[in-house]
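Enquirer: Residue numbers (our numbering): -15 to 236. Sharing a structure here in structure tokens format.
Now the structure itself:
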């Protein structure tokens, strides 16, 4: 709970101040479920934060629940067909934030991310590409959410080398990532709103919805839609036509 001193949190959670201090400093492995539940209750953690706390305490993820150690190379042809048949832009990404698949609208919406010789990576684009500042309507929020998502994913699967490699690279190359990472936040990309400042079609305010893909372990799909009849919906609908007309090598 914001505003409480360390000693007050410890007292409300039913543990000593010294023990809580050790937990706060990361020496959390082996803490009992009862203690963790008490701390989560006192700090009013949401379900995502609570899950992250328990993952840290366990110190490992069972093999049956562990995400793939290497980023998926792509999706099955049948999944790509489903993406292609969606009427809204959609992308598929892995825990390391690599975009591993997209439909035409998704590629057009994220087209600057594809301007790379490597696999497009959302986190690297947001923190290391200067164009991100003018492409995301709220770049600061996009940064913080991305850092918080990486923290959530690495907590779930600390042995995932792809995630740790991205975190280490961003920590080394971006002072802003180090700043956002130090916030100790966790976030899961479920649903919300964001605005893309598309340089050719103008601002596009969208609602995003994220879904895990049980048949594609470790992958998530995100769709982007707008209120029917709105200017934003009209611009979203123009994305595929714009993309075909451009035929830009930057996102092939």
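Glycine residues also receive a C-beta, built at the ideal position from the N, C-alpha and C atoms. Computed from a predicted model, the values in this text were never measured in an experiment.
Among the residues of its own chain, which have a CB less than 8 Å from the CB of residue 262, if the five just before and after it don't count?
Expert: No information on residue 262 is available, as it lies outside the stretch -15 to 236 that the chain covers here.
Enquirer: So is residue 215 buried or exposed if we call it buried at 16+ other beta carbons inside 10 Å?
Expert: Flag for residue 215 reads exposed.
Enquirer: Can you grab the Cα-Cα spacing for the pair residue 179 / residue 0, in whole Å?
Expert: Distance between the alpha carbons of residue 179 and residue 0 is about 46 Å.
Enquirer: Let me know the secondary structure DSSP gives residue 55 once reduced to three states.
Expert: Because residue 55 carries a pLDDT of 48, less than 50, the predicted location of this residue cannot be relied on, and no value is offered for it.
Enquirer: Output needed for residue 119: all residues of its chain with C-beta closer than 7 Å, excluding positions within five of it in sequence on either side, in chain order.
Expert: Taken in chain order, the residues that qualify are 96, 180, 181.
Enquirer: Determine the direct distance from the alpha carbon of residue 127 to that of residue 158, and round the result to whole angstroms.
Expert: Answer to the nearest angstrom: the Cα atoms are 11 Å apart.
Enquirer: Are the CB atoms of residue 72 and residue 171 within a distance shorter than 9 Å?
Expert: Contact: no.
Enquirer: Evaluate residue 79 with the Cβ neighbour count: other Cβ atoms within 10 Å of its Cβ, from every protein chain shown; 16 or more gives buried, anything less gives exposed.
Expert: With 16 or more Cβ atoms within 10 Å of its Cβ, residue 79 is classed as buried.
Enquirer: To the nearest whole angstrom, what separates the beta carbons of residue 130 and residue 107, a pair I think is in contact under 8 Å?
Expert: Right, their Cβ atoms sit about 5 Å apart.
Enquirer: Does the distance from the C-beta atom of residue -4 to that of residue 22 stay below 9 Å?
Expert: Yes, the Cβ-Cβ distance between residue -4 and residue 22 is below 9 Å.
Enquirer: With distances taken Cα to Cα, identify the nearest neighbour of residue 169 among 20, 113, 135.
Expert: It is 135.
Enquirer: Return yes when the Cβ of residue 223 is within less than 9 Å of the Cβ of residue 89, no when it is not.
Expert: Taking 9 Å as the Cβ cut-off, residue 89 and residue 223 qualify as a contacting pair.
Enquirer: From the DSSP secondary-structure annotation, give me the bridge partner or partners of residue 178.
Expert: Note: residue 178 sits in a beta bridge opposite 190.
Enquirer: Near residue 210, which residues of its chain fall below 6 Å by C-beta distance, leaving aside the five closest residues on each side in sequence?
Expert: Only 190, 216, 217, 220 meet the Cβ criterion.
Enquirer: Near residue 203, what residues of its chain come up, given a Cβ to Cβ distance below 6 Å and the 5 sequence neighbours on each side ignored?
Expert: Around residue 203: 56, 76, 78, 197.
Enquirer: Whole angstroms is fine: what's the gap from residue 212's alpha carbon to residue 70's?
Expert: Distance between the alpha carbons of residue 212 and residue 70: 16 Å.
Enquirer: In or out: residue 92 buried (at least 16 other Cβ within 10 Å) or exposed?
Expert: Counting Cβ neighbours within 10 Å, residue 92 comes out buried, since at least 16 surround it.
Enquirer: If the criterion is Cβ atoms closer than 9 Å, does the pair residue 63 and residue 229 meet it?
Expert: For residue 63 and residue 229, no; Cβs fall outside 9 Å.
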